[in-house]
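Structure first, commentary second.
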Amino acid sequence: MATVQLRNIEKQFAPDAIAVKDLDLDIADGEFLVLLGPSGCGKTTTLRMIAGLETQTQGDIHIGNRLVNGLPAGERDIAFVFQFYALYPHLSVKDNVSFPLRAQNISKSEVDSRVQDVAKRLRIEHLLKKKPNRLPGGEQQRVALARAMIRQPQVFLMDEPLTNLDAELRADMRAELKHLQHELGTTMVYVTHDQIEAMSMSHRIAVMNEGVLQQVDTPLNIYNKPQTLFVATFIGSPPMNIIECALVTEDSNSYLKSDNLNYKLPNTIDSTSQQVYFGIRAEDLSVASDSTADIKGDVILREPLGDETLYRIDIGSQILNIKTSPKVRLTIGDTIGLNINATNIHLFDKESERSLLH
57 MATVQLRNIE KQFAPDAIAV KDLDLDIADG EFLVLLGPSG CGKTTTLRMI AGLETQTQGD
117 IHIGNRLVNG LPAGERDIAF VFQFYALYPH LSVKDNVSFP LRAQNISKSE VDSRVQDVAK
177 RLRIEHLLKK KPNRLPGGEQ QRVALARAMI RQPQVFLMDE PLTNLDAELR ADMRAELKHL
237 QHELGTTMVY VTHDQIEAMS MSHRIAVMNE GVLQQVDTPL NIYNKPQTLF VATFIGSPPM
297 NIIECALVTE DSNSYLKSDN LNYKLPNTID STSQQVYFGI RAEDLSVASD STADIKGDVI
357 LREPLGDETL YRIDIGSQIL NIKTSPKVRL TIGDTIGLNI NATNIHLFDK ESERSLLH
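Each residue of the sequence shown is one higher than the one before, counting from 57 in this note's numbering.
The following block contains the structure:
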């Protein structure tokens with residue numbers, strides 16, 4: 057087990073192609089940290105630099121108490137699990153799992169003992185004599201994990217390992233990976249673009265966009281206290297509703313004003329920003345009577361989701377999403393009022409796109 061520290065990391069593939077910009081990140085010993093972001097945001101490049109598969113243009117990487125800048129991947133005491141399992145099709149599962157140990161000339165008895173131990177942990181004892189290309193995706197993934205685990209590395213690095221599994225298997229493997237990491241207590245850095253994986257598995261999430269680290273925090277804080285407009289709109293399904301407004305102070309009160317909104321904020325905002333983005337999540341909008349409504353709009357779409365219903369409301373300048381109980385029935389075409397949950401509002405400076413509240 058080990059900490060991982062990234063200091064002033066930059067990766068530049070060409071003068072106009074900077075994949076990672078000025079990244080500082082501390083990963084604690086035994087932590088499950090997820091690098092989350094859209095395709096091309098720099099998360100996989102970051103993981104590959106930690107592994108030694110890419111060399112950073114500048115900056116330092118520490119694993120444990122070692123500066124590993126010049127060390128090849130094989131000397132960093134890490135294990136890497138790829139999106140494509142990279143199993144040897146001509147070898148049995150047992151030989152695939154034991155391969156890293158046999159390459160180190162470890163005794164056969166020690167190899168057999170560790171293979172049995174890791175196979176038991178991952179419930180693949182019955183597969184040891186089979187060839188991996190005859191196994192379904194979920195079992196191939198377990199074999200790839202076993203091959204990584206058997207080395208007993210200081211750090212596990214995982215690059216979207218569940219992408220190729222169907223929905224049911226992905227849900228099962230999320231739970232298994234979380235339990236496995238807790239049981240082993242090994243530092244794990246996991247890359248994904250799937251926010252469900254990030255929210256459900258991690259101790260902390262590092263959100264990246266266009267090579268820049270946006271926010272590092274617990275899953276609940278990432279969701280409830282986004283620091284940037286990008287994090288607010290990337291996390292959550294549906295995305296956070298965003299309305300461009302003027303922030304106006306009148307008689308010591310702060311108001312948000314737009315073509316369809318004149319909303320008094322619960323607290324006065326001391327800010328030099330005049331133009332802001334107002335954010336509110338779908339679950340923080342509720343149906344109201346016309347006389348008390350903060351916003352009015354027309355119902356244009358209804359999406360029943362079982363335990364909740366998603367409605368889309370046209371307020372003139374844009375579309376808002378709201379979530380309701382399935383018992384609430386709104387009619388397409390009706391004009392309705394909406395109330396805003398004042399305790400869960402978000403404001404972002406229009407220029408910097410950074411939060412004015414958190």
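The C-beta atom is built at its ideal place from N, Cα and C for all residues, glycine as well.
In the DSSP assignment, what residue or residues form a beta bridge with residue i?
| i | result |
| --- | --- |
| Gln-342 | According to the sequence displayed, residue 342 carries Ser and not Gln. Partner(s): Asn-395. |
| Lys-320 | Tyr-311 |
| Tyr-367 | Arg-358, Ile-378 |
| Lys-67 | Val-76 |
| Tyr-333 | Glu-300, Phe-404 |
| Asp-215 | Val-247 |
| Arg-260 | Leu-89 |
In three-state terms, what does DSSP make of residue i?
| i | result |
| --- | --- |
| Phe-88 | strand |
| Asn-125 | coil |
| Asp-250 | coil |
| His-238 | helix |
| Lys-352 | strand |
| His-414 | coil |
| Lys-164 | helix |
| Asp-273 | strand |
| Gly-267 | coil |
| Asp-151 | helix |
| Leu-157 | helix |
| Leu-225 | helix |
| Leu-62 | strand |
Measure the beta-carbon distance from residue i to residue j and round it to whole angstroms, keeping in mind my assumption that it falls under 8 Å.
| i | j | result |
| --- | --- | --- |
| Val-332 | Lys-406 | 6 Å |
| Thr-101 | Val-76 | 6 Å |
Along the chain, where does the alpha helix (DSSP H) containing residue i start, and where does it finish?
| i | result |
| --- | --- |
| Val-384 | Neither: Val-384 is in no alpha helix (DSSP H) and is coded neither H nor E. |
| Phe-290 | 285 to 290 |
| Ala-305 | The residue asked about is misnamed: residue 305 is Thr in this sequence, not Ala. Run containing Thr-305: none in the alpha helix (DSSP H); it sits in the beta strand (DSSP E), 297 to 306. |
| Gln-197 | 193 to 205 |
| Arg-190 | First-last for Arg-190: undefined, no H or E at that position. |
Which residues mark the beginning and the end of the beta strand (DSSP E) in which residue i is found?
| i | result |
| --- | --- |
| Phe-136 | 134 to 137 |
| Ile-119 | 114 to 119 |
Does the stretch 57 to 76 come within contact of the stretch 223 to 238, defined as at least 3 CB pairs closer than 8 Å?
no
Are three or more beta carbon pairs between the stretch 315 to 323 and the stretch 361 to 374 nearer than 8 Å?
yes
Using a Cβ distance threshold of 8 Å, determine whether the stretch 97 to 116 contacts the stretch 184 to 204, with at least three qualifying pairs required.
no
Stretch-stretch touch, CB-based, cutoff 8 Å, three pairs: the stretch 166 to 179 with the stretch 149 to 158
yes
Can you confirm whether the stretch 382 to 391 touches the stretch 348 to 360 when touching is taken to mean that 3 or more C-beta pairs between the two stretches lie within less than 8 Å?
yes
Are at least three pairs of beta-carbons, each pair with one atom in the stretch 209 to 223 and one in the stretch 173 to 184, less than 8 Å apart?
Short answer: they don't touch.
Touching by the beta-carbon criterion (3+ pairs, under 8 Å), the stretch 281 to 301 and the stretch 231 to 245
no
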